[in-house]
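Colleague: In my numbering, the protein residues as written are 36 to 364.
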Amino acid sequence: MNPSVETWLIGLTSIVIVVATLYIATSGVIAHIMTRAQRKSPHDDPTWDAHKLDRVSFTSRGSDLALAGWYLRAARADRAVVLVHGKDCCRGDELKTSTYDLVQSLVQSGLSVFMLDLRGHGESSSARMTYGLRERFDVLGAVDWLLERGYKPGSVGLLGASMGGACAIAATRIEPAIGALITDSAYADFSDMMQRRFRRLSGMPNVFLPGALFMSRLFTGVRFERNRPADDATAFAGLPMLVIHSDQDPFVPLDHAQQIATAAGAGLWVTQGEHHISSYRRYPNEYKQRVGQFFHAHLSGTSESSHAAVATLSPSVPLAPMELEKQAA
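1. Using the three-state DSSP reduction, which class does H280 fall into: helix, strand or coil?
2. Whose C-beta lies closer than 6 Å to the C-beta of S133 among residues of the same chain, with five residues either side of it excluded?
3. Just curious, the beta strand (DSSP E) that L216 is in, first and last residue?
4. Is the beta carbon of A223 sitting closer than 7 Å to the one on L175?
5. What is the rounded straight-line gap between the Cα of A215 and the Cα of A272?
6. Counting C-beta neighbours from all protein chains within 10 Å, is the total for V51 16 or more, i.e. buried, or is it exposed?
7. Mind checking whether F243 and I68 have CB atoms under 7 Å apart?
8. What are the boundary residues of the beta strand (DSSP E) that includes Y186?
9. Sorted by chain position, which residues of the same chain lie with C-beta nearer than 6 Å to K323's C-beta, five sequence neighbours on each side aside?
10. Whole angstroms is fine: what's the gap from Y315's alpha carbon to N262's?
11. Could you name each continuous beta strand (DSSP E) segment of 3 residues or more that falls completely within the region 73-142, going from the start of the chain to the end?
12. How about G157 and P77: are their beta carbons less than 7 Å apart?
13. Could you compute how far the alpha carbon of V345 sits from the alpha carbon of R126?
14. Confirm, please, whether the CB-CB distance from L146 to V116 is below 7 Å.
15. Is it buried or exposed, K131, if we count other Cβ atoms within 10 angstroms and call 16 or more buried?
16. On the CB-based measure, 16 or more other CB atoms within 10 Å of its CB, does Q294 come out buried or exposed?
17. Does DSSP put L194 in a helix, in a strand, or in coil?
18. So, helix, strand or coil for F149, using DSSP?
19. Quick one: give me the first and last residue of the beta strand (DSSP E) that V305 is part of.
20. Helix, strand or coil for I52? Go by DSSP, reduced to three states.
21. For S338, I'd like the list of residues in its chain whose CB is within less than 6 Å of its CB, leaving aside the five on either flank, ordered along the chain.
22. If you reduce the DSSP assignment to three classes, tell me which class G200 lands in.
23. Whole angstroms are fine: how far does the CA of V326 sit from the CA of T70?
24. Under 7 Å between the Cβ atoms of F225 and F259?
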């Protein structure tokens, strides 16, 4: 072989090896960040520590993974709502802000509330994030805990935000005892969301997305491209469900909420907002009213007092400036 050609081939091969190594290493770093939560302690908000609540230790369904939670029992506890947080959040911070007022409103109206730290978050056991593919079993562990304490099938509802919404949808597909579901800022298709938001989320160009997803699979053992909550929602179409989303959400596009609502035949409430999970922060009173009324209307209980509680919710809360609620076809 011509020495100059041989030198050129060696140089080209070296460049390819260096580029491939850098690509794999960068993809691995991105995947590591993607699958590790930034832990936040539920005790960062002293309001909760001053409140009378039951501190709960339980396990994820089907495993011995230890999880932490709080349980607030309503006066006549025949219906309960499980709040499910998203990435880098914890119990008590499910909506990217303290949910203390929301929880108080639900409990005072007759709904017990269970809040949990998903795996790898808060005070629960360490584990890599799978964005709902395995965390669904954490939610089901919370549902099991409630069912074991006398709550009947159909009396337990879920409210999940962002990744927590995806977890709630996936859990509802598996567990027929769940009677109603609300999601806030949930994604319909994880791969599509990442394709459209990868640069914003990672600071890197989309060319690294396939590598990051591949490395994430090596780290977790799951295929992230199979994470499609909209497909899960078709399995329980007709179950009472409300989908909440901000019109200018910078991370999860609005059409993802529309896809979920259409798949599940759910109600859709779109609010004005340019931040992720911002509806509660922007419209707290209306949010509390809508959530409370929805669960009171659709969760089956054994006592009559809970029905009367609906009437105590204020009917005069002003609507959001931009509001759309419809039954998705």
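C-beta atoms are modelled at their ideal positions from N, C-alpha and C, and glycine is treated no differently.
All values reported here derive from a predicted model rather than from experimental measurement.
Modeller: Concretely, from the data shown:
1. strand
2. D80
3. I213 to D219
4. no
5. 11 Å
6. exposed
7. no
8. No beta strand (DSSP E) holds Y186; DSSP gives it neither H nor E.
9. L137 and S140
10. 26 Å
11. 89-94, 101-107 and 115-119
12. yes
13. Low per-residue confidence applies at V345: pLDDT is 33, beneath 50, and the placement is therefore not dependable, though the value from the model is reported in the following sentence. The alpha-carbon atoms of V345 and R126 are separated by roughly 26 Å.
14. yes
15. buried
16. buried
17. strand
18. strand
19. G302 to T306
20. helix
21. Any answer about S338 is weak, because its pLDDT of 43 lies below 50 and its placement is not dependable; what the coordinates show is given next. Around S338: R111 and D113.
22. helix
23. 31 Å
24. yes
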